[in-house]
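Q:
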Amino acid sequence: MSNNPARLEINAAALRFNLQYFRNLLKPSTQILAVVKANGYGCGSSYIGKILEQEHIDYLCVAYLQEGIALRKVNIKSPILILFPQIESLDQLIAHHLEPNLYSLSSLKAFINALKKTKKVNYPIHLKLNTGMNRLGFTKDEIPQLQSILRQEKNIMVKSICTHFASSGEDRDREFTKTQIDRYINLYNALTSVLDYSPKKHVSNTSGIINYPEYQFDMVRLGLGLYGFGNDAQVTHHLKLVPRLKTNIFQLQYLQKGETVGYNRAFTTKTQSTIAIIPLGYSDGLDRRLSNHVGCVFINGKKAPIVGMVCMDMTMVDVTDIACKVGDEVIIFDHQDHILEMAKNLDTISYEIITTISPRIERILK
Ligand SMILES: *Cc1c(COP(=O)(O)O)cnc(C)c1O
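Per the numbering used here, the sequence shown starts with residue 31, numbered consecutively.
Shown next as structure tokens:
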């Protein structure tokens, strides 16, 4: 039994396997920008970043500056793209040699000003175009101003120009996705007409890679797929799950018929029952809406339903029909199907399940 009440085991071999799976889907010339935001989709960005660096990943990418600094602090040398740089902290971004994805005239101007305070030339930046996601990005109207800035500023080097699909996973939105590509190509051509070099093109996330091989361009932004999920069951089952959430039985309670379990006495035993207490609760990321038979865990190969309300640090499961003892391993998830089932029960997506495992849970590299 581990010293840790609960742990998230990170399967390095699975990560390498998934990376290779996507490399095989892509042309040899297509680069991969591995997305390790949100603490490497919950897996620990320094572990994930290091493994990917050993695998000669072309680029890493995080959402916010602090995530990029955390990677630099563990000595990761790969180029790192910051998807959502804040205007207030561009000096720090430059100091750590991180590459901003600039998304508006004000963010671009602020970056140019920050760069002027340094002696750096040809600093790599990336431009984000809004083609229909309507989240971040330059719009068509801003192109003339953007062109004139690009003509003048020689300290910056536009490494890439990208956009983001609103619905690359949905078959019914194929037409819309094509419209996004048309807009993207038009804006890309307008911008590069004022440059004497060609920034890389990239648009696809995991489901884009799978559904639109024709739009892989120079680079793709691979997130969820690395951790073990495609956008349908078929691809998912070709991949291997990276994070596996486990703990051990903390105590057993032997109850008579008609006794209640936990807060608000939410569950009443229907027969003489054995209840296992597991040291993991909603503050660890085990959603409280999994209470009372919505969710389950796995003990000695059998399903044990959650009974009563998930507590902050503890959860009770019914093991009446399972031979088990204190210290036995409890699996919250160690297969994609466990996470997909949990996501379905919670009316959410696999992304949310894996990225909300709290920092209290130790990440252990396996
Ligand atoms: C998170 C993110 C990705 C990765 O998406 P996945 O679906 O996890 O592959 C790619 N691009 C942008 C802009 C993102 O925010």
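Virtual Cβ for every residue (Gly too), placed ideally from N, Cα, C.
At a cut-off of 8 Å, would you count Ala93 as near ligand 1, judging by its Cβ distance to the nearest heavy atom?
A: True, at least one ligand heavy atom lies under 8 Å from that Cβ.
Q: Let me make sure I understand the geometry here. Which of Asn164, Arg204, Gly253 and Cys326 has the alpha-carbon closest to that of Val65?
A: Nearest C-alpha to Val65: Gly253.
Q: At what residue ranges does the region 256-333 contain a whole run of the beta strand (DSSP E), taking only runs of 3 or more?
A: With a minimum length of 3 residues, the continuous beta strand (DSSP E) runs that stay inside the region 256-333 are 273-278, 281-285, 303-308 and 326-329.
Q: Grab me the residues of Tyr293's own chain with a C-beta within less than 6 Å of its C-beta, minus the 5 sequence neighbours each way, in chain order.
A: Around Tyr293: Met339.
Q: Evaluate Met31 with the Cβ neighbour count: other Cβ atoms within 10 Å of its Cβ, from every protein chain shown; 16 or more gives buried, anything less gives exposed.
A: Confidence in Met31 is poor, its pLDDT being 49 and thus under 50, which makes the residue's placement unreliable; the coordinate value appears in the next sentence. Exposed: under 16 other Cβ atoms inside 10 Å.
Q: Just to confirm before moving on: does the CB-CB distance between Ile362 and Leu310 stay below 9 Å?
A: Cβ distance < 9 Å, so Ile362 and Leu310 count as in contact.
Q: Flag this pair as yes or no: are the beta carbons of Phe262 and Ser59 separated by less than 9 Å?
A: In the sequence as presented, Phe is not what sits at residue 262; that position holds Asp. No.
Q: For Leu101 and Glu118, what's the separation of their Cα atoms in angstroms?
A: Each residue's Cα considered, the two are about 20 Å apart.
Q: Which first and last residues belong to the beta strand (DSSP E) in which Asn131 is found?
A: Note, Asn131: beta strand (DSSP E), Glu129 to Leu132.
Q: Taking the beta strand (DSSP E) that His368 belongs to, which residues open and close that run?
A: First-last for His368: Gln366 to Asn375, but that is the alpha helix (DSSP H), not the beta strand (DSSP E).
Q: Looking at the unbroken alpha helix (DSSP H) that takes in Pro174, where does it start and where does it end?
A: Pro174 -> alpha helix (DSSP H) spans Ile173 to Gln182.
Q: Taking one C-beta from the region 97-112 and one from the region 121-135 each time, how about it: are there three or more such pairs within less than 8 Å?
A: Touching, yes.
Q: What do you reckon, is the C-beta of His156 under 8 Å from a heavy atom of ligand 1?
A: False, no ligand heavy atom lies under 8 Å from that Cβ.
Q: In whole angstroms, give me the CA-to-CA distance for Leu271 and His368.
A: Their backbone Cα atoms lie some 10 Å apart in a straight line.
Q: Under three-state DSSP, which class holds Ala220?
A: Residue state, collapsed to three classes: helix.
Q: I think Thr95 touches Gly79, with their Cβ atoms under 8 Å apart; what is that distance to the nearest whole Å?
A: Residue identity differs from the one stated: residue 95 is Leu in this sequence, not Thr. Not a contact, Cβ separation roughly 15 Å.
Q: Using a 10 Å radius around the Cβ and a threshold of 16 neighbouring Cβ atoms, would you call Glu244 buried or exposed?
A: That one is exposed.
Q: What do you get for His86, buried or exposed, if any count of 16 or more other CB atoms within 10 angstroms of its CB means buried?
A: His86 comes out exposed.
Q: Let me have the residue list for ligand 1: C-beta closer than 7 Å to any non-hydrogen atom, ordered along the chain.
A: Answer in sequence order: Val65, Lys67, Ala93, Leu113, His194, Asn235, Thr236, Ser237, Arg251, Leu252, Gly253, Leu254, Gly255 and Tyr381.
Q: Does the region 185-201 come close enough to the region 157-172 to have 3 or more Cβ pairs within less than 8 Å?
A: Yes: the two stretches touch, three or more of their Cβ pairs being nearer than 8 Å.
Q: I'd like the span of the alpha helix (DSSP H) that includes Arg37, first residue to last.
A: That residue, Arg37, is in no alpha helix (DSSP H); its beta strand (DSSP E) goes Ala36 to Ile40.
Q: Going straight from the alpha carbon of Thr266 to that of Phe206, what length do you get?
A: About 25 Å.
Q: Is DSSP giving Gln61 helix, strand or coil here?
A: If DSSP states are grouped into helix, strand and coil, Gln61 belongs with the strands.
Q: Just the Cα atoms here: how many angstroms apart are Gly167 and Arg37?
A: Each residue's Cα considered, the two are about 38 Å apart.
Q: Just to confirm my understanding: we take Leu135, look at its own chain, exclude 5 residues before and 5 after, and list those with CB closer than 8 Å. What are they?
A: Hits under 8 Å: Phe168, Glu172, Gln175, Leu176 and Ile179.
Q: Can you find at least 3 beta carbon pairs, one from the region 327-342 and one from the region 370-385, that sit closer than 8 Å?
A: As far as the Cβ criterion goes, the region 327-342 does not touch the region 370-385, which means the pair count is below three.
Q: Would you please state the rounded distance, in angstroms, between the beta carbons of Leu123 and Ala140? I believe it to be under 8 Å.
A: With 8 Å as the limit, Leu123 and Ala140 do not qualify as a contact, their Cβ atoms being about 11 Å apart.
Q: Measuring straight from C-alpha to C-alpha, what distance separates Thr301 and Gly199?
A: Roughly 46 Å separates the two Cα atoms.
Q: Do you know whose CA, among Pro389, Arg319 and Tyr284, lies nearest Cys341's CA?
A: Minimum Cα distance to Cys341 is reached at Arg319.
Q: I'd like to check one pair, Leu395 with Val349: are the Cβ atoms closer than 9 Å?
A: Result no, Cβ atoms of Val349 and Leu395 do not sit closer than 9 Å.
Q: Here's a check: name, in chain order, each residue in its chain whose Cβ is nearer than 8 Å to the Cβ of Asp314, leaving out the five neighbours to either side.
A: Hits under 8 Å: Ala36, Asp343, Ile387, Ser388, Arg390 and Ile391.
Q: Quick one: grab the DSSP three-state call for Glu382.
A: The answer is helix: DSSP assigns Glu382 an H, G or I state.
Q: State the Cα-Cα distance for the pair Ala334 and Ile352, rounded to the nearest angstrom.
A: If you take the alpha carbons of Ala334 and Ile352, they lie about 8 Å apart.
Q: When you compare each of Arg53, Tyr227, Thr236 and Gly72 to Arg181 by their alpha carbons, which one comes out closest?
A: The candidate whose alpha carbon is nearest that of Arg181 is Tyr227.
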